[in-house]
Ligand code: SF4
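Protein chains in written order, with the numbering used here: chain A, 268 to 341; chain B, 5 to 354.
This is the structure:
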């Protein structure tokens, strides 16, 4: 139920965006989003609504974090 | 988005060894509060791979499972009225009410993928959207509920997670060493929403993501916090921040009012419910539904113990005996993809 699937924004119009999920494009409402999105951005979709964006920078940061867990640094 | 898949096998093994090394010399019980976490745990066999003295249980993290029987009965009653269509997510149509589920008759029931599909349904009947969920889903309901839609109303069972975690510790004597908090609820409410669990109850909380490495990372951080000082850790920083999605919070506040709410397995929890503010759109008021609390429970079903983290599906005789499955669910925990019994059934359990 609280499953949220990442997708890539293809285009934006008003409170809606066309978003691609593994090759399938769907219309998603973006009104709950705090930030503006544009084509190429990644969002998490929950039940037809984008609930947050995920940036490439944050994904890379996570990779690094996961690589350094043994050191105990958070 | 491949880059979002943190599933590297070698790294998984390394993290499992690290957890083993850092385990305290006693049993540790961890509760997560999300069916999606349970899916990751089962799908990747994490429970089996983790140290034996580490117990992972699912708490009340399945919105379908915690919806009380009377709410299902109200939806069933509405679906029998002339001129009404009940629209809902697929899972909700199969949840057993006190005598039947929505699919039993099913004539006036429609499965939709979002509340917007329900609000825009072309029909001359009144469409009632039966919406369950936590804060994540509330953030999708709110924008539509704040719009004007002709012939559309809402039957809700919408809830807030942190009051339920506090309630488990305060009123149910739930004995856990720490929590993995649900990542997508936290996207909306922010990691600070669990502050009370940590500061007042002294239980560490780690907000966790849903990839296998995310779950292992959260377990490791929780163990460190259990051994040391109880802390609130945001381990899902790529989607969650301290304050959460404030725009979504404002939408939720405009559409819903915080009230006491009855949870299956837990009972009435103060401030845990989100009730529709606009009474004109509230199907319960519009159709004068007044079904009191219903204590009917399917015989032999131990969903209530599963929801409160006291039991796991294999302790249910109907599960073990193959008498309950997703096609013929006896209790709500077998119905949807977030229910622990359903997850165990699909991925072979443990
Ligand atoms: S297996 Fe079926 S009967 Fe047993 S607890 Fe789960 S839902 Fe209830």
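Just so you know, even glycine gets a beta-carbon here, dropped at the ideal spot from N, CA and C.
It should be emphasised that the depicted structure is a prediction, and the values quoted were computed from it without experimental measurement.
For residue 328 of chain B, the CB falls within less than 7 Å of some heavy atom of the ligand SF4.
Following the DSSP letters along the chain, one finds residue 106 of chain B in no beta strand (DSSP E) but inside the alpha helix (DSSP H) bounded by residues 106 to 109. At a cut-off of 8 Å between beta-carbon atoms, residue 38 of chain B makes contact with chain A.
Closest option to residue 63 of chain B, judged by alpha-carbon separation, among B:171, B:333, B:15, B:224: B:171. Distance between residue 78 of chain B and residue 22 of chain B, taken at the CA atoms: about 50 Å. Residue 68 of chain B places its beta carbon 8 Å or farther from that of residue 109 of chain B.
Ranking B:140, B:107, B:304, B:85 by CA distance to the CA of residue 191 of chain B puts B:140 first. Taking 8 Å as the cut-off, the beta carbon of residue 116 of chain B is found no closer than this to the beta carbon of residue 157 of chain B. Secondary structure at residue 187 of chain B: helix, using DSSP grouped into helix, strand and coil. Among the residues facing chain A, residue 335 of chain B is not included, as its CB has no counterpart in that chain under 8 Å away. Within 8 Å of the CB of residue 62 of chain B, no CB atom of chain A is found; the nearest one sits about 13 Å away. According to the DSSP assignment, residue 41 of chain B belongs to the alpha helix (DSSP H) that extends over 39 to 47. Between residue 76 of chain B and residue 35 of chain B, the gap from beta carbon to beta carbon reaches 8 Å or more.
Per DSSP, reduced to three states, the secondary structure at residue 304 of chain A is coil, with no helix or strand assignment. Neighbours of residue 310 of chain A in chain B, taken as residues whose beta carbon is under 8 Å from its own, are absent, since the nearest beta carbon is some 10 Å off. Proximity of the stretch 314 to 328 of chain A to the stretch 233 to 249 of chain B meets the contact definition, three or more beta-carbon pairs being nearer than 8 Å. By the neighbour-count criterion, in which a residue is buried when 16 or more other Cβ atoms sit within 10 angstroms of its Cβ, residue 13 of chain B is exposed. Following the DSSP letters along the chain, one finds residue 323 of chain B inside the alpha helix (DSSP H) bounded by residues 321 to 324. At a cut-off of 7 Å, the beta-carbon of residue 67 of chain B does not count as near the ligand SF4: no heavy atom of the ligand is closer than that. Within the stretch 107 to 156 of chain B, the alpha helix (DSSP H) runs of at least 4 residues that lie entirely inside it are, in chain order, 119 to 123, 139 to 149. For residue 166 of chain B, there is no enclosing beta strand (DSSP E); the enclosing alpha helix (DSSP H) has its first and last residue at 165 to 175. For residue 243 of chain B, the nearest beta carbon of chain A is closer than 8 Å to its own beta carbon. Put simply, the CB of residue 281 of chain A is far from chain B, with every gap to its CB atoms at 8 Å or more. Neighbours of residue 192 of chain B in chain A, taken as residues at a C-beta separation under 7 Å, are given in chain order as 318.
Annotated three-state conformation of residue 314 of chain B is coil, per DSSP. Under the Cβ distance rule, residue 54 of chain B does not count among the residues neighbouring chain A, no pair being separated by less than 8 Å. If you check the CB distance, residue 212 of chain B and residue 184 of chain B come in under 8 Å. Taking C-alpha positions only, residue 234 of chain B is separated from residue 37 of chain B by approximately 18 Å. The beta carbon of residue 247 of chain B lies closer than 7 Å to those of 194, 196 in the same chain, with the five residues before and after it left out. Nearest in C-alpha terms to residue 325 of chain B, of all of B:312, B:349, B:336, is B:349.
Contact with chain A is absent for residue 158 of chain B, since none of that chain's Cβ atoms lies less than 8 Å from the residue's Cβ. According to DSSP, residue 273 of chain B shares a beta bridge with B:265. When Cβ pairs closer than 8 Å are counted between the two stretches, the stretch 267 to 276 of chain B is seen not to touch the stretch 284 to 293 of chain B, the count staying below three. With a minimum length of 4 residues, there is no unbroken run of alpha helix (DSSP H) contained wholly in the stretch 274 to 300 of chain A. Residues lining the ligand SF4 by the Cβ criterion, that is a Cβ closer than 5 Å to any of its heavy atoms, are B:305, B:306, B:307, B:320, B:322, B:323, B:328, B:334, B:335, B:337, B:338, B:345 in chain order.
The residues 320, in chain order, have a CB closer than 8 Å to that of residue 302 of chain A in the same chain once the five nearest residues on each side in sequence are set aside.
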